[in-house]
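> In our numbering, the protein residues as written are 17 to 105. Structure in structure tokens, see below.
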């Protein structure tokens with residue numbers, strides 16, 4: 017594959033921008049595992065819930081639900097809804 021000059025400029029610009037943004041936000045980053053995984057326990061409930069819902073919309077979720085319904089019939093979809101209750105806890 018042969019890249020043109022504009023391709024190289026865009027690639028290098030992207031990586032430079034990513035490094036600059038990363039280094040700017042490093043100063044604001046938490047220093048412990050608690051800060052990393054649970055945001056220092058200061059995340060509002062609505063943002064934590066939005067994050068949990070966004071996580072379930074990954075690329076593998078429709079495949080998993082389709083597989084459960086294919087294996088267990090329409091009742092297999094209730095397996096998916098069981099995860100809602102465990103997620104609330």
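Cβ atoms here follow ideal geometry from the backbone N, Cα and C, with glycine treated the same way.
#1: Span of the alpha helix (DSSP H) holding residue 84?
#2: What number of angstroms, rounded off, separates the C-alpha of residue 76 from the C-alpha of residue 45?
#3: Whole angstroms are fine: how far does the CA of residue 18 sit from the CA of residue 47?
#4: Taking 7 Å as the threshold (C-beta atoms), are residue 81 and residue 97 in contact?
#5: List the endpoints of the continuous alpha helix (DSSP H) containing residue 63.
Here's the rundown:
#1: Counted from its first residue, the chain shown places residue 84 at position 68. Its alpha helix (DSSP H) spans residues 76-88.
#2: For this step, residue 76 is matched to residue 60 along the chain shown. For this step, residue 45 is matched to residue 29 along the chain shown. Going by the C-alpha atoms only, they are around 29 Å apart.
#3: Here residue 47 corresponds to residue number 31 of the chain shown, with the count starting at 1. Here residue 18 corresponds to residue number 2 of the chain shown, with the count starting at 1. Spanning the two alpha carbons is a distance of roughly 43 Å.
#4: As a first step, residue 97 is located in the chain shown; it is residue number 81 there, counting from the start. As a first step, residue 81 is located in the chain shown; it is residue number 65 there, counting from the start. For residue 97 and residue 81, no; Cβs fall outside 7 Å.
#5: Position 47 of the chain shown holds residue 63. That run of the alpha helix (DSSP H) goes 61-72.
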